[in-house]
Amino acid sequence: MGQRLPYMGKKVSRKRVLLIAIVLIFFISAAMSLFQLRQSIALLDENYGTSVFSMFQLKLELRRFNDALALYQVAPDNAHLEDVKTRYDLLWSRFPVLLEGVDGERIAKFEHAKETLNQAFNTVKSLEQDVFKKLASEPEYSLQIQQALKPQIAQIDALALQNYYQTNILFNRSESQVIDLQQQLILLMCGLILSGSLLLVMIIRENRLNRHQAEHDSLTGIPNRAFLQNEISRYCRKKQPFALHLIDLNGFKDVNDTLGHHVGDALLQAVSNRLSNGIDKRYGCLTCRLGGDEFAILQPRLINNDSLRIITGKAIQLFEKRFQIDQHTCFIGASIGSVIYPEHGIDVGSLLTRADIAMYKAKEQAAHSSQMLFDFDMDAQIHRRQQLQKDLRIALERSKLHLVYQPIVSLQTQQVVSLETLLRWDHETYGAIPPLEIISIAEKYSLANTLGCWIIDEACRQIDEWRNEGFQPLPVAVNISPSMHQLDLAAIINQSLKQHNLPQGLIRIEVTEDTGMQILKETQDLLPGLARHNISVALDDFGTGLSSLSHLQQLPIQTLKIDRSFISKISEDQVSRRLVHNIIGIGHDLGMKVVAEGIENEAEARLLATYQCDYGQGYLFSKPLAPRLIPACCREIAMTANDSAVTETC
Amino acid sequence: MTKWTLALLACWAVSLSVAGAPLPQPTGPVILSISGKIENTQDGQTAALDLSLLQSLQSDTFRLKTRWSDSIHNYHGPLLSAVLRYVGAQGDHIRLTALNDYSVEFERQYMDSYEPILAWREDGEQLSVREKGPLWLMLPLDKYHELNSEINTGRMIWQLSKIEIY
Numbered sequence: 000m001g002q003r004l005p006y007m008g009k010k011v012s013r014k015r016v017l018l019i020a021i022v023l024i025f026f027i028s029a030a031m032s033l034f035q036l037r038q039s040i041a042l043l044d045e046n047y048g049t050s051v052f053s054m055f056q057l058k059l060e061l062r063r064f065n066d067a068l069a070l071y072q073v074a075p076d077n078a079h080l081e082d083v084k085t086r087y088d089l090l091w092s093r094f095p096v097l098l099e100g101v102d103g104e105r106i107a108k109f110e111h112a113k114e115t116l117n118q119a120f121n122t123v124k125s126l127e128q129d130v131f132k133k134l135a136s137e138p139e140y141s142l143q144i145q146q147a148l149k150p151q152i153a154q155i156d157a158l159a160l161q162n163y164y165q166t167n168i169l170f171n172r173s174e175s176q177v178i179d180l181q182q183q184l185i186l187l188m189c190g191l192i193l194s195g196s197l198l199l200v201m202i203i204r205e206n207r208l209n210r211h212q213a214e215h216d217s218l219t220g221i222p223n224r225a226f227l228q229n230e231i232s233r234y235c236r237k238k239q240p241f242a243l244h245l246i247d248l249n250g251f252k253d254v255n256d257t258l259g260h261h262v263g264d265a266l267l268q269a270v271s272n273r274l275s276n277g278i279d280k281r282y283g284c285l286t287c288r289l290g291g292d293e294f295a296i297l298q299p300r301l302i303n304n305d306s307l308r309i310i311t312g313k314a315i316q317l318f319e320k321r322f323q324i325d326q327h328t329c330f331i332g333a334s335i336g337s338v339i340y341p342e343h344g345i346d347v348g349s350l351l352t353r354a355d356i357a358m359y360k361a362k363e364q365a366a367h368s369s370q371m372l373f374d375f376d377m378d379a380q381i382h383r384r385q386q387l388q389k390d391l392r393i394a395l396e397r398s399k400l401h402l403v404y405q406p407i408v409s410l411q412t413q414q415v416v417s418l419e420t421l422l423r424w425d426h427e428t429y430g431a432i433p434p435l436e437i438i439s440i441a442e443k444y445s446l447a448n449t450l451g452c453w454i455i456d457e458a459c460r461q462i463d464e465w466r467n468e469g470f471q472p473l474p475v476a477v478n479i480s481p482s483m484h485q486l487d488l489a490a491i492i493n494q495s496l497k498q499h500n501l502p503q504g505l506i507r508i509e510v511t512e513d514t515g516m517q518i519l520k521e522t523q524d525l526l527p528g529l530a531r532h533n534i535s536v537a538l539d540d541f542g543t544g545l546s547s548l549s550h551l552q553q554l555p556i557q558t559l560k561i562d563r564s565f566i567s568k569i570s571e572d573q574v575s576r577r578l579v580h581n582i583i584g585i586g587h588d589l590g591m592k593v594v595a596e597g598i599e600n601e602a603e604a605r606l607l608a609t610y611q612c613d614y615g616q617g618y619l620f621s622k623p624l625a626p627r628l629i630p631a632c633c634r635e636i637a638m639t640a641n642d643s644a645v646t647e648t649c
Numbered sequence: 000m001t002k003w004t005l006a007l008l009a010c011w012a013v014s015l016s017v018a019g020a021p022l023p024q025p026t027g028p029v030i031l032s033i034s035g036k037i038e039n040t041q042d043g044q045t046a047a048l049d050l051s052l053l054q055s056l057q058s059d060t061f062r063l064k065t066r067w068s069d070s071i072h073n074y075h076g077p078l079l080s081a082v083l084r085y086v087g088a089q090g091d092h093i094r095l096t097a098l099n100d101y102s103v104e105f106e107r108q109y110m111d112s113y114e115p116i117l118a119w120r121e122d123g124e125q126l127s128v129r130e131k132g133p134l135w136l137m138l139p140l141d142k143y144h145e146l147n148s149e150i151n152t153g154r155m156i157w158q159l160s161k162i163e164i165y
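So, in structure tokens, the structure goes:
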């Protein structure tokens with residue numbers, strides 16, 4: 000990844016420069032085209048010239064004045080004289096147009112044009128007196144005026160003609176210039192079209208690149224989740240069986256954590272290479288990276304379940320070989336969950352979810368590599384689990400959980416010395432939920448502490464209730480779930496006892512070996528702290544966990560509870576008998592009281608009593624009972640003990 | 000306040016004139032005669048207008064340089080639209096003719112969008128025929144750039160003497 004970035008950066012900047020260049024060419028071409036076009040129009044406009052029109056108008060007015068004079072000569076009446084005067088004024092008005100302004104400027108370009116015009120204008124001006132004064136009394140004077148104008152008419156005619164031709168030449172010349180400009184314009188247009196097309200090509204390319212990036216994983220370059228989802232949808236529409244395998248890497252996190260992200264990234268690349276080369280090309284599958292260390296293989300054309308196993312087997316085999324990243328050797332495994340269309344789902348969502356469920360099952364099954372094909376039982380389990388999780392929260396809020404109590408009896412005196420409380424939950428759909436499952440759900444969904452506190456408080460409340468009923472309070476042992484050791488247990492217990500006005504010592508704690516080990520590992524002070532607050536701790540189910548005898552020595556516990564699996568065999572199995580006898584001995588040697596769990600008959604009780612086992616618990620005495628039955632049960636146990644004592648004495 | 004009263008009076012005068020009343024006879028020399036589809040005339044056919052009448056209509060002054068002169072001048076005269084309103088012009092087309100028989104035609108709409116004037120005064124002095132008078136159709140070249148084109152230049156008729164509405 001570290002090497003990719005500069006390369007990509009360079010590529011991107013080069014592309015940007017190219018894009019800017021093309022856009023610049025485009026705009027320059029466009030601007031120049033516009034400029035050329037304007038220039039052409041201006042050129043034509045400039046040389047089209049209204050001076051020709053104005054010159055001919057002057058020529059025309061000269062002639063008309065001349066004609067009016069001629070008419071007046073023939074018919075010297077007032078109307079014709081007025082006409083002569085009007086024509087004179089109109090003729091006069093034509094000169095300034097050609098001596099000033101745009102037309103004047105134009106005409107001035109011809110040699111002697113201005114002189115000719117001025118001369119003619121002066122001649123006309125000089126005739127003013129004659130026209131407005133003399134003519135009225137001397138009509139024949141018009142002939143003289145005509146004579147005076149004659150040379151001017153000839154000169155103006157010549158100038159008009161010259162102006163006409165010259166302007167035409169200029170116009171033609173400008174037209175040829177315009178043609179040149181047009182040719183340049185065509186070139187510029189080519190530039191425009193070319194750069195426009197290039198822009199279009201670049202946009203299309205960018206678009207394609209973006210699409211590729213949107214559908215591919217940037218690290219490994221293989222298709223990503225979005226692409227896979229599209230493909231699955233496409234195959235679903237085809238309605239032909241296919242398989243989807245989700246792969247989660249085992250041990251990847253350790254590599255990432257211990258060797259760093261760059262090794263992790265390189266490992267992911269190596270995995271994707273191995274999968275694509277080993278499976279995609281050979282079996283026509285599609286490997287995708289879904290994110291993190293999760294991959295997927297889409298297997299189209301599924302003929303039968305054997306072909307499914309070929310792919311998963313191959314995938315697992317690919318992980319058997321070690322991965323060599325730089326100088327590091329990495330061994331990682333794969334948990335593969337597979338689903339088949341249409342058997343396990345007919346849409347992207349359900350297929351991916353179920354593949355995920357199967358994948359987690361596979362992960363539970365083996366720590367290194369394994370494969371699981373989805374079946375609907377898994378779905379049901381997941382569903383039950385999700386439902387229970389949802390309902391546990393509600394059950395806790397609405398006090399739908401309850402506690403039952405099992406007496407712990409002194410094997411020497413046959414008196415009930417304490418009670419163990421056990422959690423019960425009667426679920427509407429699933430019936431009685433085993434305590435272990437409740438605890439594990441609570442642990443997983445962060446409800447363990449709430450649950451633990453509830454149990455402690457409920458036990459205290461119950462003791463208080465019994466006391467109010469006249470039943471002598473007995474200590475109650477409460478099972479602690481693993482995560483509860485993080486709390487200040489002593490404070491919680493004392494708080495509850497205080498709230499119900501109970502003396503210390505009435506609540507005891509039972510921990511399993513594993514929880515005990517964890518406590519020992521993480522919170523050194525918890526168990527001694529409990530002891531200081533007169534809260535006795537028992538080690539539950541001893542013999543089933545992973546603790547060693549040395550741990551037993553380290554754990555500051557007061558009671559050892561021997562697991563029922565040992566007790567059930569002592570009647571017939573001598574090894575078990577010896578084992579139990581010795582455990583009792585070790586317990587006593589370490590200064591602990593020993594409880595035997597799961598005593599079901601008299602023989603077991605008697606044997607354990609001879610081994611000096613302190614207490615017993617089991618169906619022989621009583622099964623776990625609802626709180627209201629406890630006082631009577633305790634009395635009954637005491638009575639039975641007295642009876643048998645009497646019998647024995649007799 | 001006086002301005003508003005004057006404006007109201009003017010409107011009233013115009014509305015009276017529009018109502019088809021015969022126009023008063025001109026007192027000075029006629030410088031513009033309007034014919035065609037018009038409602039207000041002196042003789043049922045033509046509206047003959049003298050300078051004093053034109054001076055009484057809504058006017059405007061343009062300060063601009065035309066292509067026929069080397070410098071900027073002030074041109075003043077009645078709005079063509081005011082003149083047409085005065086004679087109760089009904090048609091959509093207008094033809095203007097000069098003393099030398101040069102003529103131009105355009106749509107009434109054109110006139111409405113640019114509000115040209117019939118200039119009778121340049122830089123405070125009345126235009127004579129020699130100076131392109133008595134009337135010169137002046138377009139507001141300084142306000143609308145698009146008017147500086149060949150076709151609009153051709154429309155700026157001078158020595159205007161006749162208008163025909165059709």
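Read top to bottom, the protein sequences are chains C and R. In terms of numbering that gives the first Met the number 0, the first sequence opens at residue 0 and continues consecutively. In terms of numbering that gives the first Met the number 0, the second sequence opens at residue 0 and continues consecutively. Glycine is no exception: its CB is placed at the ideal position from the N, C-alpha and C atoms.
Which whole-angstrom value is the C-beta distance of residue i and residue j, which I expect to be below 8 Å?
i, j, result
"C:L395", "C:L435", "About 17 Å; that fails the 8 Å criterion."
"R:D136", "R:R154", "Sequence check: residue 136 of chain R is Leu here, not Asp. About 7 Å separates the two Cβ atoms, so the contact holds."
"C:V80", "C:L116", "Looking at the sequence itself, residue 80 of chain C is Leu, so the reference to Val does not match. Rounded, the Cβ-Cβ distance is 27 Å, inconsistent with contact."
"C:R686", "C:I221", "No answer is possible for residue 686 of chain C: it lies beyond the span of chain C, which begins at 0 and ends at 649."
"R:L146", "R:Y113", "7 Å"
"R:R129", "C:G100", "That pair is no contact at about 16 Å."
Excluding sequence positions up to five away, which residues of its chain have a Cβ less than 8 Å from the Cβ of residue i?
i, result
"R:Q89", "K36, I37, E38 and I164"
"C:H499", "C459, R460, I462 and D463"
"C:I534", "L488, A489, I492, Q503, G504, I506, R507 and I508"
"C:A637", "Q413, Q414 and V415"
"C:I569", "S575, R576, V579, E603, L606 and L607"
"R:F105", "H92, I93 and R154"
Which same chain residues end up closer than 7 Å to residue i when comparing Cβ atoms and leaving out the 5 residues on each side of it in sequence?
i, result
"R:L50", "G27, I30 and W119"
"C:A29", "L191"
"R:S80", "M110, D111 and E114"
"C:L180", "Q35, Q38 and S39"
"C:L446", "L391, R392 and L395"
"C:D562", "D540, F541, G542, T543 and E596"
Once you ignore the five residues that flank residue i on each side, which residues in its own chain have a CB closer than 6 Å to its CB?
i, result
"R:D141", "L63"
"C:I246", "F294, A333 and I335"
"R:F61", "Y74, M137 and P139"
"C:F251", "D292 and I331"
"R:W157", "K131 and W135"
"R:G123", "none"
"C:T514", "P481"
Can you pull the DSSP bridge partners for residue i?
i, result
"R:A88", "R:I37"
"C:M371", "C:G336"
"C:F241", "C:Y340"
"C:C235", "Paired residue(s): none; C:C235 is not in a bridge."
"C:R657", "Here chain C comprises residues numbered 0 to 649, so residue 657 of chain C is not present and cannot be evaluated."
"C:S409", "C:Y614"
"C:A431", "C:D425"
"C:N249", "C:G332"
"R:A118", "R:W135"
Would you say the beta carbon of residue i comes nearer than 7 Å to a heavy atom of the ligand NAD?
i, result
"C:G259", "The ligand NAD is not among the ligands present in this structure, which contains no ligands whatsoever."
At a CB distance below 8 Å, what residues from the stretch 114 to 140 of chain R approach chain C? Give them in sequence order. S127, V128, R129, E130 and K131
Beta strand (DSSP E) runs contained entirely in the stretch 35 to 72 of chain R, provided each spans 3 or more residues: 46 to 49 and 58 to 63
Inside the stretch 457 to 527 of chain C only - alpha helix (DSSP H) runs reaching at least 4 residues: 488 to 498 and 512 to 521
Short of 8 Å Cβ to Cβ, which residues in the stretch 53 to 77 of chain R face chain C? T65, R66, W67, S68 and D69
For the stretch 188 to 204 of chain C, which residues have a CB atom closer than 7 Å to at least one CB atom of chain R, in sequence order? none
Please specify which runs of the alpha helix (DSSP H), each continuous and at least 4 residues long, are wholly inside the stretch 39 to 114 of chain C, giving them in chain order. 50 to 73, 77 to 98 and 100 to 106
Proximal residues, the stretch 86 to 101 of chain R versus chain C, C-beta separation under 7 Å: L98 and N99
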